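Structure first, commentary second.
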Amino acid sequence: MADCSDGPSRIRLRRTGPPGGARRRIHRGGPERPRQHSTARRLPRALGSLAALALTGLVTVAATGPATAAGPGGGGGWRPAPSVDGVKVGWLPSGVSLTGAVPTTRIGRDVVVGTFEGGATRVQLTVQRGTPEATLDDVASAYAQYYPGSQRGRIALRGTEAVTLRTGDAGISELTWVEGAPSVVLTVGGRVGGNATTPPSPLPEADLLRIAESLTVGPAPAPTVWQKLSEPLIGAAFAVGLNNSGAPARVPLAAVENGQSLVGLLEKFRATYPGLSARVTVNQIYLWAHDHASVRFTIAYKYKSQSGSLGSSGQAVFTHGGWRVSEQTYRSVLGLASLLGGGRA
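The numbering of the sequence shown is this note's numbering, which starts it at 737 and goes up by one.
In structure tokens form, the structure reads like this:
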């Protein structure tokens, strides 16, 4: 199926007015499109990304931390509905939960893409607020432009209609509609299963429609006190922690989630690539949960006679009283060492 993050929410719909709520919740700390040096092409792209997380990790920033909501009975069994840029999701398939949200700029428009995962199921919700006069006809035109080989239709939904996308006889792969004033363009899509030899199947149509019907569309949220506090702390942690350091491995890894188990991995990398330097500038921070944030940054690096800069991204997590790089992010980027010198770090 088509990834709903690549659907009509990408299309420029009429006006180019100021973006909506997604930008208000983003801290930007540098140029959005850092210029890459021409010499960067001579160094594998993996090098800069690898250096950023492998050399040092994150500086831990201690804080009291956000309060967590308990259930009505006080036992913590109830949790608030997950929300993506002010749109609450009231129902998800069993075992599926919010695993990330990322703001992106596409054809001059700001959108926020929320991803929900569990087992073999993946659901995405795209929220676009930067087109206050968008109509369903605009959405239909976008589908026709971007999916000319797919079957398009319309279906009654939430007191209006949604444009649907189908591929063959597999059912609806995603649907997009417009509601509210100013207009909010919403796309919901999902898939189940899939592996290296078998493509995934669309989420059952009944589940897709139930998710869409469960949404509560509110205004773009204003930054909370916790967000305002966290953004500069995360920015400082990335800027300081991702610069190369000669400190013992346990020092930077104290700022990585479960970092003390990665000491041997970092020490081996340092021995394999001595002298590699990296300096990081944070460009964008987006808190999508009280204890998770998406971070985009630029890495200026030098290794032997080669240098350059490139953009990368990762996740910050709030754990044990401080913001740290997530273990998953650290491991995935460190694994890129296999592209350097033909061996694994």
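No residue lacks a Cβ here, since even glycine has one placed at the ideal position from N, Cα and C. Every value quoted in this text rests on a predicted model; they were computed, and no experiment measured them.
{"Item": "Would you mind listing the beta strand (DSSP E) stretches within the region 1015 to 1079 that are 3+ residues and don't spill past its ends, in chain order?", "Value": "1028 to 1039, 1042 to 1055, 1058 to 1061"}
{"Item": "Taking Cβ positions, are Trp913 and Ala932 nearer each other than 7 Å?", "Value": "no"}
{"Item": "From what residue to what residue does the alpha helix (DSSP H) around Gly866 run?", "Value": "Gly866 -> no alpha helix (DSSP H), and no H or E assigned at all."}
{"Item": "So, are the CB atoms of Leu901 and Ser919 less than 7 Å apart?", "Value": "no"}
{"Item": "Would you kindly report the start and end of the unbroken beta strand (DSSP E) that includes Ala892?", "Value": "887 to 893"}
{"Item": "I'd like to know whether the C-beta atoms of Gly1044 and Val1031 end up nearer to each other than 7 Å.", "Value": "no"}
{"Item": "Hey, Val863 and Val823 are a contact pair by Cβ (cut 8 Å); roughly how many whole angstroms apart?", "Value": "5 Å"}
{"Item": "Take Glu853 and list the residues in its own chain whose beta-carbon comes closer than 7 Å to its own, dropping the five residues that flank it on each side.", "Value": "Val832, Thr835"}
{"Item": "Using only the alpha-carbon positions, how far apart do Glu910 and Asp846 sit?", "Value": "20 Å"}
{"Item": "Flag this pair as yes or no: are the beta carbons of Gly930 and Pro938 separated by less than 7 Å?", "Value": "no"}
{"Item": "What's the gap between the Cα of Ala1007 and the Cα of Gln1042?", "Value": "19 Å"}
{"Item": "Which residue wins for smallest C-alpha separation from Val825, given the options Gly916, Gly907, Gly954, Ala876?", "Value": "Gly954"}
{"Item": "Measuring only the C-alpha atoms, how far is Gln1064 from Val987?", "Value": "19 Å"}
{"Item": "Compare the beta carbon distance of Lys1040 and Ser1013 with 7 Å and say whether it is the shorter of the two.", "Value": "no"}
{"Item": "Can you check which of these residues, Val838, Asp874, Ala876, is closest to Leu861 by C-alpha distance?", "Value": "Val838"}
{"Item": "Looking at the secondary structure, which residues open and close the alpha helix (DSSP H) in which Ala985 lies?", "Value": "Taken as a continuous stretch (DSSP letters only), Ala985 belongs to no alpha helix (DSSP H), as it is neither H nor E."}
{"Item": "In angstroms with no decimal places, state the Cα-to-Cα distance between Ile908 and Pro959.", "Value": "35 Å"}
{"Item": "For Gly1000, which three-state DSSP category applies?", "Value": "helix"}
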